[in-house]
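Colleague: Residue numbering for the sequence shown follows our numbering, starting at 2 and increasing by one per position.
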Amino acid sequence: MRVKVTSPSNSRLKIARALHSRSGILKHGLFLMEGPRFVYDYLRREKPEWIFISDKAAQLPCAAAEKAMSYDIEVLELPEDLFTGISNTETLQGIVAVCPLPSIDIDSILRKGIYLLLDGISDPGNMGTIIRSAVAFGCNAVIAGKGCCCPFAPKVTRAAAGLNSVVPIVFDIDLAAFMRINEDGMEFIGAEASGEDVDRFNRGDGCLGLVIGSEAHGISEEVGKQLNGTVAIPMTENVESLNAAVSASILLYLFGCRG
């Protein structure tokens with residue numbers, strides 16, 4: 002069903018505007034997915050609660066909306082000025098899906114493969130890129146500690162290409178406490194410039210927790226105390242360090258696809 006909405010006080014519009022903040026995402030248990038390609042991909046996996054489409058939307062957003070209606074998902078058509086109020090892109094994409102926030106119990110995730118632990122990743126672009134790489138290289142779960150940006154904020158979802166609904170993600174976790182309660186014998190390895198050359202690192206057969214520190218300060222002292230070791234990516238002398246997302250992506254590739 003496609004319904005025209007013209008009032009800025011529409012209750013669903015109010016909810017969508019609130020989903021630009023962490024508090025709104027947590028309050029409503031929803032997040033925004035913007036853009037026809039991301040919405041199409043999401044529809045293959047999950048069912049949005051509802052969808053907004055601009056009355057000026059181009060062919061691709063309209064096709065995505067038609068696909069959603071074939072699944073009995075309600076589509077709300079907005080005048081462009083109202084659509085702009087919920088969009089998070091400089092160039093309007095014409096379609097925004099309102100999606101249920103995945104409910105993940107951290108204890109229910111199987112302790113196998115690679116866990117990615119994020120310690121203070123505050124930049125949405127880095128967070129999204131890391132999540133996208135986590136999906137690409139077979140990461141089993143992403144655990145974002147307190148102090149990280151929300152993994153379901155609109156800018157993160159865009160940088161993650163909408164893949165933050167694919168890999169299990171839990172956030173606002175006390176990382177040090179999670180690492181201390183390690184009944185399954187997970188090995189925790191941090192990415193640090195002073196660490197062992199990753200080419201010489203001997204990865205065991207058990208579950209590996211790869212820890213990526215903040216862009217500015219690296220791994221925090223409390224989390225660092227729980228590490229079993231650290232690894233570094235060899236570089237030329239012309240580069241002092243790598244962006245957190247780049248480091249995470251390289252290490253996930255080495256440990257995931259080749260580990």
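Backbone N, C-alpha and C fix where the C-beta goes; we use that ideal spot for every residue, glycine too. Owing to the predicted nature of the structure, the values given are computational and were not obtained by experimental measurement.
Following the continuous alpha helix (DSSP H) through Asp206, name the residue where it begins and the one where it ends.
Modeller: Per DSSP, Asp206 belongs to no alpha helix (DSSP H) and is neither H nor E.
Colleague: Unbroken alpha helix (DSSP H) runs of length 4 or more, entirely within the segment 132 to 207: which are they?
Modeller: With a minimum length of 4 residues, the continuous alpha helix (DSSP H) runs that stay inside the segment 132 to 207 are 155 to 160 and 176 to 181.
Colleague: Just mark Met2 as buried or exposed, buried being the case when its beta carbon has 16 or more other beta carbons within 10 Å.
Modeller: Result: exposed.
Colleague: With respect to the beta strand (DSSP E) encompassing Met34, which residues constitute its N-terminal and C-terminal limits?
Modeller: Where Met34 is concerned, the enclosing beta strand (DSSP E) stretches over Leu31 to Glu35.
Colleague: Helix, strand or coil for Pro103? Go by DSSP, reduced to three states.
Modeller: Looking at Pro103 - three-state DSSP - the assignment turns out to be coil, as it is neither helix nor strand.
Colleague: Taking 6 angstroms as the limit between beta carbons, can you name the residues of its chain near Gly210, skipping five residues before and five after?
Modeller: Within the same chain, Gly210 has close Cβ partners Tyr116, Leu118, Met187 and Phe189.
Colleague: Pull up the distance between the alpha-carbon of Ser22 and that of Ser195, whole angstroms please.
Modeller: Going from the Cα of Ser22 to the Cα of Ser195 covers about 36 angstroms.
Colleague: Applying the 10 Å Cβ sphere with the 16-neighbour rule, what's the burial state of Arg159?
Modeller: The residue is buried, with at least 16 neighbouring Cβ atoms inside 10 Å.
Colleague: To which residues of the same chain is Lys57 closer than 6 angstroms at the C-beta, ignoring the five residues directly before and after it?
Modeller: Correct list, in chain order: Glu81.
Colleague: Given a threshold of 16 other Cβ atoms within 10 Å of its Cβ, counted over all protein chains shown, does Ser8 qualify as buried or as exposed?
Modeller: Burial call: exposed.
Colleague: Just list the beta strand (DSSP E) runs in the segment 11 to 59, keeping only unbroken ones of 3 residues or longer that don't cross its boundaries, in chain order.
Modeller: Qualifying beta strand (DSSP E) stretches, in chain order: 31 to 35 and 51 to 55.
Colleague: With DSSP as the reference, label Ser88 as helix, strand or coil.
Modeller: The answer is coil: DSSP assigns Ser88 none of H, G, I, E or B.
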